[in-house]
Structure formats: C-alpha cells, structure tokens
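Quick notes on the structure that follows.
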Amino acid sequence: MPTVIPAIVAPSATEPMFTSTIERRDVGPKDVRIDIRWAGICHSDIHTVNGDWGAQHYPLTVGHEIAGTVAEVGSEVTKFAVGDRVGVGCMVNSCRECANCLAGEEQYCLNGMTGTYGARDVDGSITQGGYSTGVVVTEDFVLRVPEAIPFEKAAPLLCAGITTYSPLRHWNAGPGTRVAVVGLGGLGHMAVKIAHALGAEVTVLSRSLNKNDDALALGADHYFATEDPETFRELRGAFDLIINSVSAPIDVNAHLKLLALNGTLVNVGLPPEPLPVRVGNVINSRRSFAGSNIGGIAETQEMLDFCAEHAIAPEVEITSADQVNEAWARVLASDVRYRFVIDIDTLRS
C-alpha cells in the first residue's frame, strides 16, 4: 500500500501553499526510499505552480533539489545502502532505451523524461516533488552526495549546479576562454563559481552594481551593470561564451553583439515570454544562440564530484516549512542571496 507522508502542497495557481499529505509508492526491487533532509527552492517551482509553462495537475508538491539519506533499498539495488547521503534532481526516470538516453543524456529523452514533479509516472500517477519528508526513486536516478559537500548546501547543486555546469563543460569553458554570466541569482552565482574553478576569465553582467562585491567574492574577474548603455559598447565582441541565467526577458540582440567570432549565448533561464532574435546578429561573426537543460545522470554525478573536489557549494539561506510562501515572495523580489533551502525536519515536526 502507498505510504502517506507530510508535504507542502500547492492547491492551485493562485492560492498559498499549505502543509498536507501526499502518497509515495511502495519500494520496488530497484527502488530507493529517501528520507528527505533538505529541499532547495528553485524559480522553476514557482513558474510551474503559477502555470507559466502550461496547465498543471493540482494539488501539487514541487521541489527538484533534494538531499537526504537512504532509508530503504529494494531487493535488486546495488548502488546504494541504508544511511548513504544521496540526492535527486529534476528527473526521476526516462525510457533508458532511446539514442539520447543511451548516450547518457536522459534529460533529452526522445520519449520524454519523467520530471520529479508534475509529470506522468510509470503507474499513471502525477509525480510529487521534494517539499516533502520522503521520496521513492529508481536507483538509476539517485545521485551520491560526497561527504565534502555540506549537507545543507547540497540540494541546490541538483538543479542550479548541474544547469550551469553542463553548458560550461559542453562549450569548453576553461583556461583562455572568456565567459560572461548574465544575472547573479541562484543559477548565476553557481555559474560564476564553476566557471572560475574551470579556469575561465569570468565577467558578471547584472542589471545594477548592487552585487559587484558579491560577484568578485564568488570568483568573478569583472562586473558590469547592464542598465548602463556604455556596457554594451565597451564589451562588444568580448566573450566566447555567455550563460544567461535569467528567467525573464532580456535584450538578446544586445547580448549577442557581446560575443566574439564563433561565440555562443546559452539560455539556461526559461522565461515564459518569447525572446525575439535578429538573424543578422547570429550571422555576423558566426555566433550561436543556444539553450541547455540540466544534465544527464552521469554528468550530474560528475558535477557533484567536481564541486566536492573544488570546495564549491551554493550560498544558501535556510528556511522552515511554514515560511515557504514568504520565501517564494522573496525569490520573486530577488531578495535572496542566493538559494533558499527548506529544512525538512521542520515539516516533520
């Protein structure tokens, strides 16, 4: 029989979240049951509940930045044991048979990967996320959290970390490359830390100068305010790679002009609105406008190990289960530096 557990539930797109219960399936032969300890708050959670990316099934529990410990393993599980520190990110399954899955790119599953929340699960139910006390996930989509990563800071790596690590690796950020990061929020601050650790020259492009000191402390070499028109004149053709972490419209065409020959502007933020592009701005200097979506399971584990090796962790603010609505309001107001993490023990109590 399914297990009923405490969770933070969104009843609709317009009503506040509240504490209730959800069901978790029984542990199957290849499943891992995780006692969730920490759950990160991602802007994607808010977009999803608000219906910005399409209609949702309510009530819905979101959260795809999950860190906890293994509480039970199925009879055929070989990768994990009770007590292990583990994490779950933005997906909990895929077909595992298509060309993309076989290439280790499960996030691009040709048959549609199964999101951690709001997706149709194998049993026909709607997946429910990490703002809850536990989750059951097939072992192939569970990540090992290295001991070197502070446990309360691990959860955001499962989305913010991999979402920025994957394009930085794919577009070969490293020594001799000039990387710009647009926006210094939950995603952007991780892009800065990872790009710096990879050896790139890192510039932050943020709306105002308010976060200049933070950016330099996080590892940026330079900082410019995009509200100053002189920025776009001074930096024309200055970058090999731009990571746009903002989930709101930006002037794509102005940012494309900041790319050097063969440069690429990669969107990892997903604004609900279309972003117009003038084709001349990509034809000129053979520029590219691209996108990137999280990373595969193997690459996500690689990212966790990289962060452990380089002492990289997100900057977090811990919040309690009864303060999640207020935390969401602060995320929308850009009033967090730089990621909220829910202490799930406060949900248990």
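All residue numbers for the sequence shown refer to this note's numbering, where the first residue is 383 and numbers rise by one. Even glycine gets a Cβ: it sits at the ideal position worked out from N, Cα and C. Keep in mind that this is a model prediction, so the values were computed, not measured.
Please tell me whether residue i has its Cβ less than 8 Å away from any Cβ of chain D.
i, result
"residue 731", "Protein chain content of the structure displayed is limited to a single chain, and chain D is not contained in it."
Hey, could you find the ends of the alpha helix (DSSP H) residue i is sitting in?
i, result
"residue 552", "542 to 552"
"residue 523", "Taken as a continuous stretch (DSSP letters only), residue 523 belongs to no alpha helix (DSSP H), as it is neither H nor E."
"residue 448", "Here residue 448 belongs to no alpha helix (DSSP H); instead the beta strand (DSSP E) covers 448 to 455."
"residue 426", "425 to 432"
Anyone know if the C-beta pair for residue i and residue j falls short of 8 Å?
i, j, result
"residue 397", "residue 540", "no"
"residue 444", "residue 525", "no"
"residue 671", "residue 647", "yes"
"residue 511", "residue 496", "no"
"residue 634", "residue 564", "no"
"residue 543", "residue 582", "no"
"residue 726", "residue 407", "no"
"residue 713", "residue 425", "yes"
Going along the chain, which residues of its own chain have a beta-carbon closer than 6 Å to the beta-carbon of residue i, five neighbours each way excluded?
i, result
"residue 710", "428"
"residue 674", "548, 549, 648 and 650"
Whole-angstrom Cβ separation of residue i and residue j, contact assumed at under 8 Å?
i, j, result
"residue 566", "residue 586", "5 Å"
"residue 678", "residue 487", "5 Å"
"residue 504", "residue 416", "In fact, because the Cβ distance is near 18 Å, the residues do not count as touching under 8 Å."
"residue 571", "residue 697", "6 Å"
"residue 631", "residue 653", "5 Å"
Given residue i, which residues of its chain have a CB within under 8 Å of its CB, disregarding the five upstream and five downstream residues?
i, result
"residue 642", "560, 619, 620, 621, 622 and 667"
"residue 392", "399, 431, 440, 441, 442, 443 and 444"
Just reading off the beta strand (DSSP E) that residue i is part of, what are its end residues?
i, result
"residue 359", "Residue coverage of the chain in this structure runs from 383 to 731, which leaves residue 359 outside it and unanswerable."
"residue 610", "First-last for residue 610: undefined, no H or E at that position."
"residue 686", "No beta strand (DSSP E) contains residue 686, which is instead part of the alpha helix (DSSP H) from 679 to 691."
"residue 463", "Careful: residue 463 lies outside any beta strand (DSSP E) and carries neither H nor E."
"residue 416", "413 to 422"
"residue 572", "Segment 568 to 580 is the alpha helix (DSSP H) holding residue 572; no beta strand (DSSP E) there."
What does a CB cutoff of less than 7 Å around residue i pick up in its chain, not counting 5 residues either side in sequence?
i, result
"residue 394", "440"
"residue 412", "456, 458, 459, 520 and 521"
"residue 449", "419, 420, 469, 527, 533, 536 and 537"
"residue 692", "579"
In whole angstroms, what is the alpha-carbon distance linking residue i and residue j?
i, j, result
"residue 434", "residue 477", "26 Å"
"residue 438", "residue 466", "33 Å"
"residue 724", "residue 452", "19 Å"
"residue 577", "residue 593", "18 Å"
"residue 591", "residue 636", "19 Å"
"residue 656", "residue 588", "21 Å"
"residue 516", "residue 462", "16 Å"
Would you say the beta carbon of residue i comes nearer than 7 Å to a heavy atom of the ligand HEM?
i, result
"residue 597", "This structure lacks the ligand HEM, and indeed carries no ligand of any kind."
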